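To keep things clear, I will list the structure first and then write my remarks on it.
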Amino acid sequence: MPAHDLLVVIPAYNEAENVGAVVRDVLTTLPDADVLIVDDGSADATSESALAAGARVLRLPLNSGYGAALQTGYKYATRGGYTLVAQMDADGQHAAGFLPGLIEELERTGADVVIGSRFLDRDGHYTPSMARKLGMGVFGRLASMMMRQHISDPTSGYQVMRIAVARFFCSDVYPADYPDADILVLLHRSGFRLAERGVQMKMPTGKSMHSGHRSLYYVYKMSLSMFVTMLRKPVR
Amino acid sequence: MDSRIRIVTILAALAILVAIIELVRRRKLKEEYSVLWVLTALIVFVLSVWYGALNALRSALGADVPSSALFFCGLVFAVLLLLHFSIRVSSMERQITSLVQEVGLLSIREPEAQQAENGAADTPPRRPSLSEEHQPSAPDRS
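Residue numbers (the working numbering), protein chains in the order written: chain A, 1261 to 1496; chain B, 560 to 701.
Following this line, the structure appears as structure tokens:
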């Protein structure tokens, strides 16, 4: 068995400026955790910054997208014998200070996945643009309806999961191009239990890995993906 | 049907057929991908030569002139071909992604602090069995 059983997976694309601080933040909060930076074929010194800050670095030779990078992290965690996987963004939006709370929520509720929610506490610290708010609202409500469970922040990339979930995500069931609210529906359909815990997130400053997608395509992809997820037979 | 259009479609069908066979012969096209092309060419050829079949098809489709029935057939096959390629591209994209992931997993780099601890850069990483599925022996903590 490895010395630590928590792996923090952080997909990063051209985040040389932020990734070091994020890694140090995690290692300060959870000194026993392993941090894995999945460098999604960055053109800058993302890998070097992460290595210097004390992370393991897995560099993908081609830019393959947020979902593919995350899935690589799940594969690493599954093969490395970890029992818990956390995922967060490399741009500094997610503060590691909330990780212990997410893990505690997982243990307290017995859920398989805990989502760090910007909106659960209704403290109004995070106010997305109208368009984003509309999209999040529609898909959140749709996902909540399909799952018969209220999810306040279905698009949050700040999550903690048990290794069984990561192993499940290693197969073709995972939408490796752009995972979002549809994976929550997939998890629910596959019998995993979800919980939420309020976290604070900084408003995104630059462009994140998500913003490369045009919003119209996002709406189309998410609608179709959630719809066909409901049509598919559960695989587990 | 005007004999000129018959000659044109027969020649077109033959040209496609010859081109496909030549491409397969030169190993530029895999046999697998030639199937739909050859079928398209053969059907267009048969319908151009055998007027009775084309006319039966025309009335079945409710088309006004036989040549539009012929082009409709060609178009259906062209659409099938495109769909076939979209499916292949999707599956190839999936394959490339999983190859890229495996390459990444093989070239993992340990943090610098730890390399210093180990004393040498060529010390094997702490987590050895990346190439095979490792099931945790202890149950998930809850």
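Cβ atoms here follow ideal geometry from the backbone N, Cα and C, with glycine treated the same way.
These numbers were taken from a predicted model, which means no experiment stands behind them.
Spatial distance of residue i from residue j (CA atoms)
i, j, result
"glycine 678 of chain B", "valine 1317 of chain A", "For glycine 678 of chain B, the predicted model reports a pLDDT of 47, less than 50, meaning its position is unreliable; a value from the coordinates is still stated below. So the two alpha carbons sit approximately 19 Å from each other."
"valine 594 of chain B", "isoleucine 580 of chain B", "11 Å"
"isoleucine 575 of chain B", "valine 638 of chain B", "16 Å"
"leucine 642 of chain B", "arginine 1449 of chain A", "29 Å"
"leucine 1290 of chain A", "proline 1360 of chain A", "8 Å"
"leucine 613 of chain B", "glycine 621 of chain B", "12 Å"
"proline 683 of chain B", "isoleucine 667 of chain B", "Since pLDDT at proline 683 of chain B reaches only 44, below the 50 mark, its modelled position is unreliable, and the value read off the structure follows with that caveat. Rounded to the nearest angstrom, the two C-alpha atoms are 11 Å apart."
"valine 1279 of chain A", "alanine 1350 of chain A", "5 Å"
"glutamine 660 of chain B", "alanine 1424 of chain A", "20 Å"
"leucine 1366 of chain A", "glycine 1357 of chain A", "16 Å"
"leucine 582 of chain B", "glutamine 1331 of chain A", "39 Å"
"alanine 652 of chain B", "leucine 658 of chain B", "Looking at the sequence provided, one finds glutamate at residue 652 of chain B rather than alanine. Distance between the alpha carbons of glutamate 652 of chain B and leucine 658 of chain B is about 10 Å."
"arginine 586 of chain B", "tyrosine 592 of chain B", "11 Å"
"phenylalanine 1428 of chain A", "cysteine 632 of chain B", "44 Å"
"arginine 1368 of chain A", "proline 1435 of chain A", "29 Å"
"glycine 1341 of chain A", "threonine 1387 of chain A", "38 Å"
"tryptophan 596 of chain B", "isoleucine 564 of chain B", "21 Å"
"serine 1404 of chain A", "valine 1459 of chain A", "19 Å"
"alanine 680 of chain B", "valine 1283 of chain A", "The pLDDT assigned to alanine 680 of chain B is 43, lower than 50, so where the model puts this residue is not dependable, and the model offers no usable value."
"glycine 611 of chain B", "leucine 640 of chain B", "27 Å"
"methionine 1463 of chain A", "histidine 1385 of chain A", "9 Å"
"threonine 1249 of chain A", "arginine 1492 of chain A", "For chain A, the structure presents residues 1261 to 1496; residue 1249 of chain A sits outside this window and is missing."
"leucine 598 of chain B", "arginine 1496 of chain A", "40 Å"
Top-ranked residue by Cα proximity to residue i, from the options
i, options, result
"isoleucine 1375 of chain A", "A/Arg1453, A/Gly1352, A/Gln1331", "A/Arg1453"
"glycine 1215 of chain A", "A/Leu1484, A/Leu1444, A/Arg1457, A/Pro1271", "Residue 1215 of chain A falls outside the range modelled here, since chain A spans only 1261 to 1496, and no answer is possible."
"alanine 1482 of chain A", "A/Ala1455, A/Met1490, A/Ala1441, A/Tyr1336", "For clarity, residue 1482 of chain A is methionine in the given sequence; the question names alanine instead. Minimum Cα distance to methionine 1482 of chain A is reached at A/Ala1441."
"serine 562 of chain B", "B/Val577, B/Trp596, B/Val608, B/Tyr592", "B/Val608"
"valine 603 of chain B", "B/Ala622, B/Arg586, B/Leu629, B/Ala612", "B/Leu629"
"leucine 665 of chain B", "A/Ala1356, A/Arg1382, A/Arg1339", "A/Arg1339"
"valine 1525 of chain A", "A/Tyr1477, A/Pro1494, A/Val1459, A/Glu1275", "The structure shown does not extend to residue 1525 of chain A, since chain A is modelled only from 1261 through 1496, so no value can be given for it."
"alanine 1455 of chain A", "A/Ala1371, A/Gln1353, A/Arg1492, A/Asp1383", "A/Ala1371"
"valine 1398 of chain A", "A/Val1479, A/Asp1292, A/Leu1491", "A/Val1479"
"isoleucine 569 of chain B", "B/Leu588, B/Tyr592, B/Ala600, B/Leu582", "B/Ala600"
"glycine 1327 of chain A", "A/Ala1355, A/Ala1426, A/Asp1294, A/Arg1457", "A/Ala1426"
"phenylalanine 1487 of chain A", "A/Ala1436, A/Leu1402, A/Asp1437", "A/Leu1402"
"methionine 1503 of chain A", "A/Ser1485, A/Asp1437, A/Asp1383, A/Tyr1334", "Residue 1503 of chain A cannot be examined here, being either before or after the span of chain A that is shown, 1261 to 1496."
"leucine 1311 of chain A", "A/Thr1387, A/Glu1275, A/Thr1489", "A/Glu1275"
"alanine 1313 of chain A", "A/Thr1288, A/Gly1400, A/Leu1322, A/Asn1323", "A/Thr1288"
"methionine 1490 of chain A", "A/Arg1457, A/Val1459, A/Gly1458, A/Val1433", "A/Val1433"
"leucine 1296 of chain A", "A/Pro1414, A/Tyr1334, A/Gly1400", "A/Tyr1334"
"alanine 1281 of chain A", "A/Gly1400, A/Gly1352, A/Leu1322", "A/Gly1352"
"valine 605 of chain B", "B/Glu669, B/Thr656, B/Ile566", "B/Ile566"
"glycine 1451 of chain A", "A/Asn1323, A/Tyr1273, A/Val1373", "A/Val1373"
"tyrosine 1273 of chain A", "A/Ala1293, A/Leu1322, A/Asp1294", "A/Leu1322"
"serine 1485 of chain A", "A/Asp1437, A/Ala1293, A/Met1463", "A/Asp1437"
"glycine 663 of chain B", "A/Glu1277, A/Cys1430, A/Gly1301, A/His1385", "A/Gly1301"
"alanine 572 of chain B", "B/Glu669, B/Phe636, B/Pro670", "B/Phe636"
Cβ-based burial, residue i [other Cβ within 10 Å; buried from 16]
i, result
"glutamine 654 of chain B", "exposed"
"leucine 1266 of chain A", "buried"
"proline 1439 of chain A", "buried"
"phenylalanine 644 of chain B", "exposed"
"glutamate 590 of chain B", "exposed"
"isoleucine 1443 of chain A", "buried"
"alanine 1337 of chain A", "buried"
"isoleucine 646 of chain B", "exposed"
"aspartate 1285 of chain A", "buried"
"isoleucine 1363 of chain A", "buried"
"alanine 1303 of chain A", "exposed"
"arginine 1408 of chain A", "exposed"
"valine 1268 of chain A", "buried"
"valine 1298 of chain A", "buried"
"serine 649 of chain B", "exposed"
"serine 1389 of chain A", "exposed"
"methionine 1506 of chain A", "Look at the range of chain A in this structure, 1261 to 1496, and you will see that residue 1506 of chain A is not part of it."
"leucine 1476 of chain A", "exposed"
"histidine 1354 of chain A", "buried"
"serine 618 of chain B", "exposed"
"alanine 1329 of chain A", "buried"
"isoleucine 1497 of chain A", "Since the first residue of chain A shown is 1261 and the last is 1496, residue 1497 of chain A is not available in this structure."
"valine 577 of chain B", "exposed"
"aspartate 1294 of chain A", "buried"
"serine 626 of chain B", "buried"
Cβ of residue i within 8 Å of any chain E Cβ
i, result
"tyrosine 1336 of chain A", "As a matter of chain content, chain E is missing from the structure shown, whose protein chains are A and B."
* Asked: Just by C-beta distance, which residues in the stretch 656-669 of chain B are closer than 8 Å to chain A?
  -> Thr656, Val659, Gln660, Val662, Gly663, Leu664, Ser666, Ile667, Arg668, Glu669
* Proximal residues, the stretch 1312-1327 of chain A versus chain B, C-beta separation under 7 Å -> Under the 7 Å Cβ criterion, the stretch 1312-1327 of chain A contributes Ala1312, Gly1314, Ala1315, Arg1316, Val1317, Leu1318, Arg1319, Leu1320, Pro1321, Leu1322, Ser1324.
* Asked: Which residues, taken in chain order from the stretch 633-656 of chain B, show a beta carbon closer than 9 Å to some beta carbon of chain A?
  -> Those residues of the stretch 633-656 of chain B placed with their C-beta closer than 9 Å to a C-beta in chain A are Glu652, Arg653, Ile655, Thr656, ordered along the chain.
* To do: Indicate whether the contact test is met: 3 or more Cβ pairs, each with one atom in the stretch 1389-1402 of chain A and one in the stretch 1303-1321 of chain A, closer than 8 Å.
  => no
* Any residues in the stretch 1432-1462 of chain A with a beta carbon nearer than 8 Å to a beta carbon of chain B? Which ones, in chain order? -> Residues of the stretch 1432-1462 of chain A that bring their beta carbon within less than 8 Å of a beta carbon in chain B comprise Asp1432, Ala1436, in sequence order.
* Asked: Counting pairs of beta carbons, one from the stretch 1343-1355 of chain A and one from the stretch 1417-1431 of chain A, are three or more of them closer than 8 Å?
  -> Touching, yes, given that three or more Cβ pairs across the two stretches are closer than 8 Å.
* To do: Evaluate the contact criterion for the stretch 1375-1389 of chain A versus the stretch 1292-1307 of chain A: three or more CB pairs, one atom per stretch, below 8 Å.
  => no
* Asked: Can you list, in chain order, the residues of the stretch 1338-1364 of chain A whose Cβ is nearer than 9 Å to any Cβ on chain B?
  -> Within the stretch 1338-1364 of chain A, the residues whose Cβ lies closer than 9 Å to some Cβ of chain B are Thr1338, Arg1339, Gly1340, Gly1341, Tyr1342, Thr1343, Leu1344, listed in chain order.
* To do: Name, going along the chain, the residues of the stretch 1398-1430 of chain A whose beta-carbon falls closer than 8 Å to a beta-carbon of chain B.
  => Arg1422, Ile1423, Ala1424
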